[in-house]
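Peer 1: Residue numbers (UniProt numbering): 1 to 56. Idealized CB from N, CA, C, for every residue including glycine. I have a structure I would like to understand better, so I am pasting it below and will then ask my questions one at a time.
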């Protein structure tokens, strides 16, 4: 039985199947987080623009 250590887990050793499942879950949650961040920036940036450019 081969064990893998996910780079983001300090103490966890898992077998290949669990490692792949964890990797997929982590990628999905990161993608969700990034999408939320992008959506937030899309909402916030129009509000910030007048301040950064200082029109007049």
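For residue 27 and residue 15, which I take to be in contact (beta-carbon distance under 8 angstroms), what is that distance rounded to the nearest angstrom?
Peer 2: The residue you call residue 27 lines up with position 27 of the chain shown. The residue you call residue 15 lines up with position 15 of the chain shown. Contact flag wrong, Cβ pair sits at about 19 angstroms.
Peer 1: If you draw a straight line from the alpha carbon of residue 25 to that of residue 42, how long is it in whole angstroms?
Peer 2: Start at 1 with the first residue of the chain shown, and residue 25 comes out as number 25. Start at 1 with the first residue of the chain shown, and residue 42 comes out as number 42. When rounded, the distance between both Cα atoms is 26 angstroms.
Peer 1: When DSSP labels each residue in this structure, what does residue 19 get in the three-state scheme?
Peer 2: Position 19 of the chain shown, counted from the first residue, corresponds to residue 19. Residue 19 falls in the helix class under three-state DSSP.
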